[in-house]
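Just below is one structure, and these are the notes that go with it.
Numbering (our numbering), first residue to last: -6 to 1179.
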């Protein structure tokens, strides 16, 4: 089964109209971004006859317009006399509205009428747009209008046309003219003779009905429709001249300030009689309201003939929108509807150079800066320098820009040493943070220095924050050569039910034949909540490099998750030096992918030097889970190359399906595919299934497939080197499955990654890894993931080119006391040689503190520094070391790389570090030391021989226990915990010994870090909190979790008095006198809770607009109260959430009753106890009287 993204459906709303731009000089005009052209030659009379009618541009000369509406928006929407009806009752922006020209341009003028998917329940969309009363309409007349949806839309949008001869009630529109699917290839015309629907002299209303039965808020088969230039056409009149076309300037064009031009207009005689001495006029209204007028006379114009008039020169003197009107003044004209045409154009400045953006800058916001660029003409490269630390912006749209000559760069970049955050909350119409749509050479660079640092953060939040950054081309304008680099991007919200359209960066060309070219995504950090980190479609020559895509937070049953997805039409692109990890799904049948390539014919992509780790679909169930680190999912993929990638897969897949699998590389076919110099280490287990953890999985053997010089390594009972027609457990079995053999020079050894569980897939340089110098030189790849040069003769396998050598570890220590260790094999173990800036003796622990001048690997020490210090420790690598433990507390050291907490039956899994106060840690870091409590005398090995796993008890304590934090002004702080027992934590947790010569220490008198409350004692006092503090004051902060049974008091005793502090929620108190101790008092208060479920009759009842409903819960319960009508239909959820035991009430207010009619309603409570799991259900009746 192939689960596949339809990127096309995600970008329809971004379509933009084309911009026309002019730079004028004397008699020659040039259209920017197009071929130069010259206007029609001027003759001495400023009139040029056109021999042939302009039927390509003009209405048929055999008709006269008796009614016309082109929705220009001058009187708002709907236009005067028009009416809209929301017949489905749904939606938030409908029913019809002024069309958005960023979706598509108007057919005529600058406006059109539009409707979109704003439906009600059951997916019904029924939105009416009704004309004014049209009087004196004849049966010989014709209804004409233009319609469309976005080009190549995937939706089945439909419009119905109806006529009423009485009124605008929906039931009166009993004459159905047509029901049709809107055009998805530009504007299309519909024409309907009215002879089948009316008689001569009829007065009618016409309705345009956006009608969809399977659309609605889900957007299933509905998206967006437009209507423009609605006309009633009548057969040709005797005297009728129309303003047919404004030739110059074009509608929505731009002209530089200071330039002059000659307005040019085409007029056409659409009547049956030759006309003489016909006056015509032109009027231009400037942005400030000043008016330019010019009149001409057409000496003679024959029937069907068109005449082009050149008016007097006009000079652009200011920026902004100009309005140009051309009209005829024939006194006996029998059809005034076609006399006037109106367009707009823009007076623009020439821009270029550097502009500051932010408080006190040239522009106050990024959006303002971009809008200003879009409204003007760009002559040179533009740099927008971000000078503020925070920008709260609307969605930022960067559309096609206007250039004086060739395209210029637009660079958005922080000022030196400024690290901005951009917060954007998208909307339904603009579901992105930044959209680069039809624009090229846009560079967003987050570095605030010459170095590739990620100093710019983009937060795109909320239910509509679906795209962090969108890059896409249009039919008229590609999005080419754009660069996004050095950004931190966070999208989505963990409270969503589905993140299927949430993508950090989405690139989508217009279609396969109109690809975007040369876009680059470099060195971005992308995470939070969503479907894919980077997704791309219809791209040529794209570069995705050095990005860190990680930690997608999936809720239950949301969607598959991808690091990088290359969909249809991504060709000749490079995906290299990316780090992709911690992409996990925990719900059965929801899958996880590191990189997927679905490009198709001519893909020819390079996937190289990537590190991929901790990709896992693990949900418990009977359906298959599938995990793929790198997946080629298209039978037509051709010429793709997979070089020097490092893959580490681990964990447990809990599915019981035999189809479940975890694969390093997987191919369903293709041709001319190469795998060389890759590492796959797959340690995943499938305990409930016969499924396997593979290095390579071939559903079908690609034509001309070549795999060699790889390291393919699996461990555990679920491991298999490969699958081709059947499982191949060993490397030899895999080699022998092919003729000629594949992977004949590949190996299967532990590569010795530095810290694979934490995503560091560099090679441990002291491990004697057998992958050293085992690769083959590849001309396309000259360096590794860190830009280190490859060995030109015998490169290493995998993303890391390494040289076994000495190491250096950099460790940061706080001022005053620290726990330290020696993480390397050093030449001189004297304390002063290893830690030359320390100012105290080094103290180890063996039941008591012992002063040491000579240090040892594996041991930990207390050591004091005068200030914040970064210490460089040099020496030979120490990948593992033996540590001798005695029964009780031990101060242990570290090794040369970070490792997760070791798990062993002979010591407590809770390990403490020290960071100006004791804290539980989840890893052991080089150069630090840690407290560990052993149950007996023994020896352990820190490093490869111990089982390790990610730590969870630290988070469980934070989530489930109250905490009190005590700190002083010197930066020291200690957090202690207390609360009722849980299934995992049901006894106190002890603290390590008091620090040697420490000036600050806080702990319960019992020497515990966490205290458990005894529920059998109604009122009890926890052990006192003892404080050692040499500072002048103490700050106490507490966070009390909500409890139905317990009340807490914090009792503080200082040198003068005793005071009790309220403990609701989170609070802090400053104590400026020496403290004796702190005591926490616990009181059980069950007696005040109800013993049964009950919901009361609302009061008052009957009621007019407001009433109260009271109810009681004896247990913490999942509670839902809903309001129903007399038919039993739920019309409003009054509350739906988990509530604590106690007495509650809710109000039905005017915000609900204002939409209800008088009558009888019912309210129902359904409450399920989280203790007994029994459900209480009751219904009561209420009466609303208005």
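Glycine included, every Cβ here is placed at the ideal spot set by N, Cα and C. The structure presented is a predicted model; accordingly, all values stated were derived computationally and were not measured.
Can you give the Cα-Cα distance for residue i and residue j, rounded to whole angstroms?
i	j	result
residue 617	residue 637	30 Å
residue 364	residue 452	21 Å
residue 1116	residue 422	32 Å
residue 1190	residue 417	Any question about residue 1190 goes unanswered here, given that the chain covers just -6 to 1179.
residue 572	residue 464	22 Å
residue 397	residue 105	30 Å
residue 1026	residue 1019	15 Å
residue 1228	residue 541	Residue 1228 is absent from the model: the chain starts at -6 and stops at 1179.
residue 1046	residue 612	52 Å
residue 356	residue 368	14 Å
residue 878	residue 828	25 Å
residue 506	residue 533	11 Å
residue 630	residue 696	10 Å
residue 915	residue 428	40 Å
residue 159	residue 127	11 Å
residue 269	residue 286	22 Å
residue 494	residue 455	13 Å
residue 999	residue 883	19 Å
residue 504	residue 473	14 Å
Do residue j and residue i have their beta-carbon atoms positioned less than 8 Å apart in this structure?
i	j	result
residue 315	residue 340	yes
residue 557	residue 523	no
residue 450	residue 481	yes
residue 553	residue 583	yes
residue 1160	residue 1110	yes
residue 1167	residue 1155	no
residue 1196	residue 297	With the chain covering only -6 through 1179, there is no way to say anything about residue 1196.
residue 574	residue 606	yes
residue 711	residue 660	no
residue 817	residue 802	yes
residue 610	residue 656	no
residue 1152	residue 1127	no
residue 704	residue 663	no
Tell me which same chain residues have a C-beta within less than 6 Å of the C-beta of residue i, skipping the five on either side of it?
i	result
residue 634	599 and 667
residue 71	77
residue 713	685, 687, 720 and 722
residue 47	In this prediction, residue 47 scores a pLDDT of 35, lower than 50, which makes its location untrustworthy; no coordinate-derived value is stated.
residue 258	239, 302 and 319
residue 447	439, 479, 481 and 518
residue 536	513 and 567
residue 586	555, 621 and 624
residue 1105	1083, 1087 and 1136
residue 1098	1143 and 1146
With DSSP as the reference, please indicate the residues paired to residue i in a beta bridge.
i	result
residue 841	DSSP output for residue 841 lists no bridge partner at all.
residue 349	378
residue 457	Paired residues: none, contrary to the question.
Ordered along the chain, which non-local residues of its own chain (more than five positions away) have a Cβ less than 8 Å from that of residue i?
i	result
residue 273	236, 258, 260, 288, 289, 290, 291, 302, 319, 320, 321 and 322
Below 7 Å CB to CB, which residues in the same chain sit around residue i once its five sequence neighbours on both sides are set aside?
i	result
residue 445	479 and 516
residue 949	977 and 978
residue 88	77, 78, 79, 108, 120 and 121
Say yes only if the C-beta of residue i is nearer than 7 Å to one or more non-hydrogen atoms of the ligand NAP, and no if none qualify.
i	result
residue 766	This structure lacks the ligand NAP; in fact it carries no ligand of any kind.
Do the stretch 740 to 750 and the stretch 859 to 870 meet, that is, are 3 or more Cβ pairs less than 8 Å apart?
No, the stretch 740 to 750 does not touch the stretch 859 to 870.
Contact between the stretch 712 to 724 and the stretch 746 to 765: three or more CB pairs below 8 Å?
Contact fails: fewer than three Cβ-Cβ distances are below 8 Å.
Should the stretch 192 to 202 be regarded as contacting the stretch 159 to 179, the criterion being three or more beta carbon pairs within less than 8 Å?
yes
Please confirm if the stretch 762 to 771 is in contact with the stretch 555 to 570, defined as three or more CB-CB distances below 8 Å between the two stretches.
no
Tell me, please, whether the stretch 948 to 967 touches the stretch 906 to 913 by the rule of three or more beta-carbon pairs shorter than 8 Å.
yes
Counting pairs of Cβ atoms below 8 Å between the stretch 139 to 146 and the stretch 173 to 182, do you hit three or more?
The stretch 173 to 182 and the stretch 139 to 146 touch, with three or more beta-carbon pairs separated by less than 8 Å.
Mind the definition here: the stretch 949 to 958 touches the stretch 969 to 988 only if three or more C-beta pairs lie below 8 Å; say whether that holds.
Taking 8 Å as the limit for Cβ pairs, the verdict is that the stretch 969 to 988 does touch the stretch 949 to 958.
Assess, as a yes-or-no matter, whether the stretch 149 to 158 is touched by the stretch 217 to 228 under the definition of 3 or more beta carbon pairs within less than 8 Å.
By the Cβ rule, the stretch 217 to 228 counts as touching the stretch 149 to 158, because three or more pairs are nearer than 8 Å.
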